[in-house]
Each structure stands twice: as C-alpha cells, then as structure tokens.
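To convert a position in the sequence shown, counted from 1, into the numbering used here, add 28.
Accompanying notes for the structure given below.
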Amino acid sequence: MTQNQTASVFQSEEFARMLREAGSAAFPPEEDSSERQAWYIRKAQELVRERELAAGRKLTVCVVTFGCQMNERDSEKLRGILRLAGYADTDSEDADFVLYNTCTVRENANVRVYGRLGSLTSFRKKNPGMIIGLCGCMMQEKEAVQKIRESFRYVNLVFGTHNLHRFAELLVSALMAEKGEQIIQLADKAEGIVENLPAERTYPFKSGVNIMFGCNNFCTYCIVPYVRGREISRKPADILREIEQLAADGVIEVMLLGQNVNSYGKGLDTDCSFARLLSEVEKIDGIRRIRFMTSHPKDLGDDLIEVMRDSEKISHHLHLPLQSGSSRLLKKMNRHYTKESYLDLVDRIRSRIPDVSLTTDLIVGFPGETEEDFLETMDVVRQVRYDSAFTFIYSKRSGTPAAVMPDQVPDDLVHDRFDRLLAEVQTIGRQQSARFEGQVKSVLVEQINRQDPGLVTGRILNNLVVHFPGDESLIGKITDVYLKKCQGFYYIGERV
Ligand code: SAH
Ligand code: SF4
Ligand code: F3S
Numbered sequence: 029m030t031q032n033q034t035a036s037v038f039q040s041e042e043f044a045r046m047l048r049e050a051g052s053a054a055f056p057p058e059e060d061s062s063e064r065q066a067w068y069i070r071k072a073q074e075l076v077r078e079r080e081l082a083a084g085r086k087l088t089v090c091v092v093t094f095g096c097q098m099n100e101r102d103s104e105k106l107r108g109i110l111r112l113a114g115y116a117d118t119d120s121e122d123a124d125f126v127l128y129n130t131c132t133v134r135e136n137a138n139v140r141v142y143g144r145l146g147s148l149t150s151f152r153k154k155n156p157g158m159i160i161g162l163c164g165c166m167m168q169e170k171e172a173v174q175k176i177r178e179s180f181r182y183v184n185l186v187f188g189t190h191n192l193h194r195f196a197e198l199l200v201s202a203l204m205a206e207k208g209e210q211i212i213q214l215a216d217k218a219e220g221i222v223e224n225l226p227a228e229r230t231y232p233f234k235s236g237v238n239i240m241f242g243c244n245n246f247c248t249y250c251i252v253p254y255v256r257g258r259e260i261s262r263k264p265a266d267i268l269r270e271i272e273q274l275a276a277d278g279v280i281e282v283m284l285l286g287q288n289v290n291s292y293g294k295g296l297d298t299d300c301s302f303a304r305l306l307s308e309v310e311k312i313d314g315i316r317r318i319r320f321m322t323s324h325p326k327d328l329g330d331d332l333i334e335v336m337r338d339s340e341k342i343s344h345h346l347h348l349p350l351q352s353g354s355s356r357l358l359k360k361m362n363r364h365y366t367k368e369s370y371l372d373l374v375d376r377i378r379s380r381i382p383d384v385s386l387t388t389d390l391i392v393g394f395p396g397e398t399e400e401d402f403l404e405t406m407d408v409v410r411q412v413r414y415d416s417a418f419t420f421i422y423s424k425r426s427g428t429p430a431a432v433m434p435d436q437v438p439d440d441l442v443h444d445r446f447d448r449l450l451a452e453v454q455t456i457g458r459q460q461s462a463r464f465e466g467q468v469k470s471v472l473v474e475q476i477n478r479q480d481p482g483l484v485t486g487r488i489l490n491n492l493v494v495h496f497p498g499d500e501s502l503i504g505k506i507t508d509v510y511l512k513k514c515q516g517f518y519y520i521g522e523r524v
C-alpha cells in the first residue's frame, strides 16, 4: 500500500539526536528551529499512538502533490515528518490523513483541487476522524483561503509555503483540534530557512536538494513570486553538508532545485555563484550525477557552460524556458532577453557542449500575442530543436500585471496556435530524441518497468528514458546500455 516500497526517511545525525533529547523536555524550545519541530514530532507520536490504539490499526496518510519539483520536494519533507510521527504512507485517498500540496500557477490547477476535495467527503463519512489538510502555493492566495473557509468547512488544516517548516507543530494542532474546528495558519512571508529537517526519499539512490527558495523575477504572467516569496539562497556550507550526508546514505544522483538556479548566491555573505557551487558538489565522493532546474536564460553565464562542459558528473541537460520567441512579447513578459540573445545563448551552449539536451517551457496566448508573435515562437522552436517542451495556454492570474493587460487573446485563436505548436514540438522532439540511436550510454536504473516486469527503466545522463531487459538487482546502479531503438521519446536498449 505504500507509494514506493523502497521509500525511507532521511534524517541527519543531528536531527536524530534532537528527536531523542526532545523526549525529556516538558516544553518545546521557543525559537523557530529544528529542535522545536523535533519536540512536536515527539508530541505527534504520542497522539498518533493514542489514535492507533483506539482504531486497533496503524494510521495511514496520503500526500497528493500538484505542481512542480519544488512541491515534490516539499512533499518529501511533509512525508518525512508524517512517517516519523507514526503514519504509514498510502496512495489511496481513503486514508486517516489526506494532505493536498497545491499549485496555483495556472487557473486549472485550482479548479482541480476544488474538484478533488469534493470527492473526499464520502471517505470522511466512513471515517469521521479523518483529517483533511491543504498546503502549498494555492494557500498563499487570500481568495482561495476565503473559499475554503466559506465553502469547504470540512477541511481541518490549512497552511502555506512560508510556514511549511513548522509542519510538525501544525500536525499536533490538527490532531488535538475539536470536532469541526478549522485550523488556518498562514504567514505573509518566509521566516528564514530552518535547516536540518528530515525528509522522505522516494528513491534510495537519488534526491532533490533545495539550493534556494522563492523568486525575484516577477515575469508579468507569473504568480510564483507572490506565493513563494522573495528569493533566498541557502548557504553553500549547508547545501554541501546535506549532499555529503545524502552521499554517505547511498545517494548517487542529486537534483539541485531553484526557480532560477543561475541567480544562486545573491544576498549571501560568502561569494558563491551557481557554477562555483556545482564544482563544489562535483567534488563530493559518492555523488555520480548532478542535475539542476530551472535556468533563467537572462542569467546563464559562460562560467556555468564551462563547468558543465568540463564535468563528468553534471548532466548535459538544460531546461531553458523560452516562454515566447517574440522579443516584443518577451519585453511585456519582463523576461530580460530577446529572441536574438536567446538564440545566441543557445549557440554558445551548443558550440561548447555539442551533445547537450535542451528543453523548454512555452506560453501561447499571452495578452497581445499576434500571429506574427506566435510565428516567432515557432521559428525559435524550429531553430533550437528542443528534446521536449512543456506548452502552456496562458492563464490569467489575478494580482499579476498581465491579468490587466489589454488585448487578451480569444480562446479559439489560442487553441489553434496551441495545437500547431504542440504538433511542431512533438515532431522535433521525436527526431531529437532519436539522435543517440546506436550509441552506448551509461544509464542510471530507477525502477522495474511499469508495463513489463522483464524490463527495467532508467535514464541516460541527459535525462532521456531507456527501457531494457534487467531485474531488481540493477536498481540504483549505473550501467552501460546500447540504445537500440528510439520509440518516440524513449529508447529500447540492451545491456553491454
Ligand atoms: N521558474 C521557472 C518556472 C516556474 S513555473 C522558470 O522561470 O522557468 C513553470 C512554467 O509555468 C513557466 O515556465 C511558464 O511557462 C508557465 N507559467 C507560469 N505562469 C503561467 C501562466 N500564468 N499561464 C500559463 N503558463 C504559465
Ligand atoms: Fe515565474 Fe518568472 Fe519566477 Fe519563473 S522566473 S518562477 S516564470 S516569475
Ligand atoms: Fe505551482 Fe508553486 Fe511550483 S505555484 S509550479 S507548485 S512553485
């Protein structure tokens, strides 16, 4: 019933010590710290145990993640705490605690959450002690929280991105709440970074690592800076310590996460660029693969390209969101690059890293987009030849500058452009993906193939998926595979 049989909770030795010591303290430490959260985990353990005794079985929790890799990583932190508190993980929403970690980047993300919340009421009828919780980006929006207060009274717990590090405390409040009480705790801005909290690891051999939080770019269509707050970088020493501990615990691949990793280090006392951080991570024994996302084209410097080129460990993959190929629209989007400077950047990258995989995000239907603007986007797609691209229909987010721009594009035009763009992106993506056919590449094996248990599934260094005959013993290992045939966006291979 667990989401992943191999999932385990990772906690540093310091945190394990805090948890032991928390047992002898009558009150939690006042200061906002990992010690304080350790105290609350102990408290949650007692409360979960009481409920278990009453129910005569182990309690279950289902954390559902919407949105991006930031949210995926946050969910691992939430699950880490829930597992330490005594809950068993399940992927069924018929659980004792269901927690939706929400996204609000586009309107339909919100609509999906409201729809799914409705379907939880039947589970609650069968299990009146069930806790329903909401957290994540959508909860940083006042209107969404107001709607939960008014129309979804049965939601027990609401918190946002800025107080997620206090989750153990919030969990205790939810477990102690009166029947029908709705606990809503939100913070307007980040309260600093609390290091050292535990996290579940879905795979024992790879892990995401946050290197920064928030975003300062204020692209005019985007709600992320409003719901995730100002950009703040973790100290290099804290990041490197976490990765060393992960490596000691068997992790061989890390994914460094930030909304714009290229601006890493701004505001820190120590002078450390993202390229410098990468070279430090590269030195850590045991780490064999390094990935990162996302790179904003405006801040991607030659130092990063050179570190990538010279590295054996850093993935030759850049996710380089273009959004639009029209310089006129890029200006209105506040992206700080032009079609020409983007293409120039791609040339600089390709000339130094010829086998690089480039992927992107594209928005269709930004206010004022004309057919000519759209054709500029198609032109960049044809020139760059992305391995893959996420294509999005522009979604109006209230509070962002673009929401009140004139000339919102009619739906039928947008859908027509979207279909044309998707078809182009897919045709090129298939051709690009096939370019390694016939080559031998090292593959990190991730899991048994979901459809055919005689196959395993893994990824080559620049992220393309390969399926090949193999068994469980290969999971978490890096092995050489002959890429026999490309089928769309993945390969069928053979071990050599
Ligand atoms: N920080 C990352 C992206 C975060 S959001 C970056 O800058 O690349 C992921 C993607 O969602 C964006 O790249 C953009 O393409 C898309 N997106 C953001 N806001 C949107 C909106 N209002 N409508 C449609 N797509 C949007
Ligand atoms: Fe949004 Fe732009 Fe920040 Fe990315 S860089 S999260 S698109 S504001
Ligand atoms: Fe969504 Fe928040 Fe990520 S709005 S895209 S989950 S940062």
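Glycine included, every Cβ here is placed at the ideal spot set by N, Cα and C.
- How about residue 495: is its Cβ closer than 7 Å to a heavy atom in the ligand SF4? The sequence position of residue 495 within the sequence shown is 467, counting from 1. No, the beta carbon of residue 495 sits no closer than 7 Å to any heavy atom of the ligand SF4.
- Query: In the stretch 93-167, which residue ranges form an unbroken alpha helix (DSSP H) of at least 4 residues, counting only runs that do not cross its ends?
  - Reply: The stretch 93-167 contains these whole alpha helix (DSSP H) runs: 97-113, 135-147, 149-154.
- Item | Check: residue 90 C-beta below 7 Å from any heavy atom of the ligand SF4 | Within the sequence shown, the letter at position 62 stands for residue 90. For the ligand SF4, not one heavy atom lies less than 7 Å from the Cβ of residue 90.
- Message: Give me the DSSP bridge partner(s) of residue 238.
- Response: Mapped onto the sequence shown, residue 238 falls at position 210. According to DSSP, which records beta bridges pairwise, residue 238 is partnered with 285.
- Message: I'd like to confirm the pairing. Which residues does DSSP put opposite residue 437 in its beta bridges?
- Response: If you number the sequence shown from 1, residue 437 lands on position 409. The bridge partners DSSP lists for residue 437 come to none.
- Query: Considering only residues of the stretch 271-346, which uninterrupted beta strand (DSSP E) runs meet the minimum length of 3 residues and lie entirely inside it, listed in chain order?
  - Reply: Whole beta strand (DSSP E) segments, 3+ residues: 281-285, 317-321.
- Message: Given 7 Å as the limit, tell me if residue 389 has its C-beta closer than that to any heavy atom belonging to the ligand SAH.
- Response: As a working note, residue 389 is residue 361 in the sequence shown. It does: the Cβ of residue 389 is within 7 Å (strictly closer) of some heavy atom of the ligand SAH.
- Query: DSSP on residue 464, reduced to helix/strand/coil?
  - Reply: Numbered from its first residue, the sequence shown carries residue 464 at position 436. DSSP places residue 464 in helix when its eight states are reduced to three.
- Chain-ordered residues, beta carbon under 6 Å from a heavy atom of the ligand SF4: Counting every residue whose Cβ lies closer than 6 Å to a heavy atom of the ligand SF4, we get 243, 245, 246, 247, 250, 252, 253, 287, 288, 324.
- Helix, strand or coil for residue 428, going by three-state DSSP, please let me know. Residue 428 sits at position 400 when you count from the first residue of the sequence shown. Under the three-state reduction of DSSP, residue 428 is assigned to coil, being neither helix nor strand.
- Taking DSSP as the reference, what is the three-state secondary structure of residue 457? The count along the sequence shown starts at 1 and reaches residue 457 at position 429. DSSP places residue 457 in helix when its eight states are reduced to three.
- Query: Does DSSP put residue 253 in a helix, a strand or coil?
  - Reply: Your numbering for residue 253 matches position 225 in the sequence shown. Reduced to three states, the DSSP call for residue 253 is helix.
- Message: For the ligand F3S, I want to know if residue 164 counts as a neighbour, meaning its beta carbon is within less than 7 Å of at least one of the ligand's heavy atoms.
- Response: On the sequence shown, position 136 is the one that residue 164 refers to. Because some heavy atom of the ligand F3S lies under 7 Å away, the Cβ of residue 164 counts as near it: yes.
- Query: Once you ignore the five residues that flank residue 303 on each side, which residues in its own chain have a CB closer than 6 Å to its CB?
  - Reply: Here residue 303 is taken as the residue at index 275 of the sequence shown, counted from 1. Cβ neighbours of residue 303 beyond the five flanking positions: 331, 332, 335.
- Query: If we count the other Cβ atoms within 10 Å of its Cβ and call it buried at 16 or more, is residue 408 buried or exposed?
  - Reply: By 1-based counting over the sequence shown, the position of residue 408 is 380. When all chains shown are included, residue 408 counts as buried.
- Message: Distance check for residue 293 and residue 264, CA to CA, integer angstroms please.
- Response: As a working mapping, residue 264 is identified with position 236 in the sequence shown. As a working mapping, residue 293 is identified with position 265 in the sequence shown. So the alpha carbons of these two residues sit roughly 8 Å apart.
- Task: Under the assumption that residue 211 contacts residue 286 (Cβ atoms under 8 Å), give the Cβ distance between them as a whole number of angstroms.
- Result: On the sequence shown, residue 211 is found 183 positions in, with the first residue counted as 1. On the sequence shown, residue 286 is found 258 positions in, with the first residue counted as 1. Not quite, the Cβ-Cβ distance comes to about 30 Å (not below 8 Å), so this is no contact.
- Task: Please list, in chain order, all residues of the same chain as residue 435 whose beta carbon is under 6 Å from its beta carbon, the five residues on each side excluded.
- Result: Within the sequence shown, residue 435 is the residue found at index 407, counting from 1. Hits under 6 Å: 395, 396.
- Query: Any idea which residues DSSP pairs residue 522 with across the strands?
  - Reply: One-based indexing of the sequence shown puts residue 522 at position 494. Bridge partners of residue 522: 510.
- Item | Among 189, 353, 48, 157, nearest to residue 163 - alpha-carbon criterion | Residue 163 sits at position 135 when you count from the first residue of the sequence shown. The shortest Cα separation from residue 163 among 189, 353, 48, 157 belongs to 189.
- Closest to residue 297 by CA distance: which of 262, 349, 323 is it? Counting from one through the sequence shown, the residue named residue 297 turns up at place 269. Comparing Cα positions, the closest option is 262.
- Query: Shortest alpha-carbon distance to residue 504 belongs to which of 460, 362, 385, 275?
  - Reply: For this step, residue 504 is matched to residue 476 along the sequence shown. Cα-wise, what sits closest to residue 504 is 275.
- So the beta strand (DSSP E) residue 502 belongs to, where does it begin and stop? The count along the sequence shown starts at 1 and reaches residue 502 at position 474. Looking at the DSSP string, residue 502 is not in any beta strand (DSSP E), and its letter there is neither H nor E.
- Task: Could you tell me the distance, in whole angstroms, from the CA atom of residue 31 to the CA atom of residue 245?
- Result: Here residue 31 refers to the residue found at position 3 when the sequence shown is read from its first residue. Here residue 245 refers to the residue found at position 217 when the sequence shown is read from its first residue. Residue placement at residue 31 cannot be trusted, given a pLDDT of 47 that sits under 50; what the coordinates show is reported in the next sentence. One C-alpha to the other measures close to 35 Å.
- Task: Pull up the distance between the alpha-carbon of residue 366 and that of residue 355, whole angstroms please.
- Result: Residue numbering aside, residue 366 sits at position 338 when the sequence shown is read from its first letter. Residue numbering aside, residue 355 sits at position 327 when the sequence shown is read from its first letter. Cα to Cα, the separation comes out at about 5 Å.
- Query: When the Cα atoms are used, what is the spatial distance from residue 519 to residue 384?
  - Reply: Counted from its first residue, the sequence shown places residue 519 at position 491. Counted from its first residue, the sequence shown places residue 384 at position 356. Taking the straight line joining both Cα atoms gives about 17 Å.
- For residue 193, does the three-state DSSP call read helix, strand or coil? The residue you call residue 193 lines up with position 165 of the sequence shown. Residue state, collapsed to three classes: helix.
- Query: residue 44: which of 479, 277, 226, 427 sits nearest, CA to CA?
  - Reply: For the purposes of this step, residue 44 is taken as the residue at position 16 of the sequence shown. Answer by Cα proximity: 226.
- Message: Rounded to whole angstroms, what is the Cα-Cα separation between residue 104 and residue 98?
- Response: In the sequence shown, the residue the question calls residue 104 occupies position 76. In the sequence shown, the residue the question calls residue 98 occupies position 70. So the two alpha carbons sit approximately 10 Å from each other.
- residue 237 Cβ short of 7 Å to the ligand F3S heavy atom set: Reading the sequence shown from its first residue, position 209 is the one you call residue 237. The nearest non-hydrogen atom of the ligand F3S is 7 Å or more from the C-beta of residue 237.
- Task: Drop a sphere of 10 angstroms on the beta-carbon of residue 443, count the other beta-carbons inside from all chains shown, and report buried for 16 or more, exposed for fewer.
- Result: Mapped onto the sequence shown, residue 443 falls at position 415. The residue in question, residue 443, is exposed, as its Cβ has fewer than 16 Cβ neighbours within 10 Å.
- Query: Who does residue 185 pair with in a DSSP beta bridge?
  - Reply: Taking the first residue of the sequence shown as 1, we reach residue 185 at position 157. Per the DSSP secondary-structure output, residue 185 pairs in a beta bridge with 161, 211.
- Whose C-alpha, out of 497, 120, 459, is nearest the C-alpha of residue 477? Your numbering for residue 477 matches position 449 in the sequence shown. Considering only alpha carbons, the answer is 497.
- Would you report the Cα separation of residue 156 and residue 268, rounded to the nearest angstrom? Here residue 156 refers to the residue found at position 128 when the sequence shown is read from its first residue. Here residue 268 refers to the residue found at position 240 when the sequence shown is read from its first residue. Here the C-alpha atom of residue 156 lies approximately 45 Å from the C-alpha atom of residue 268.
- Using the C-alpha atoms, what's the distance from residue 349 back to residue 290? Taking the first residue of the sequence shown as position 1, residue 290 is located at position 262. Taking the first residue of the sequence shown as position 1, residue 349 is located at position 321. Straight across, the Cα-Cα distance linking residue 290 with residue 349 is about 13 Å.
- Message: Counting C-beta neighbours from all protein chains within 10 Å, is the total for residue 402 16 or more, i.e. buried, or is it exposed?
- Response: In the sequence shown, counting from the first residue as 1, residue 402 sits at position 374. Residue 402 should be labelled buried.
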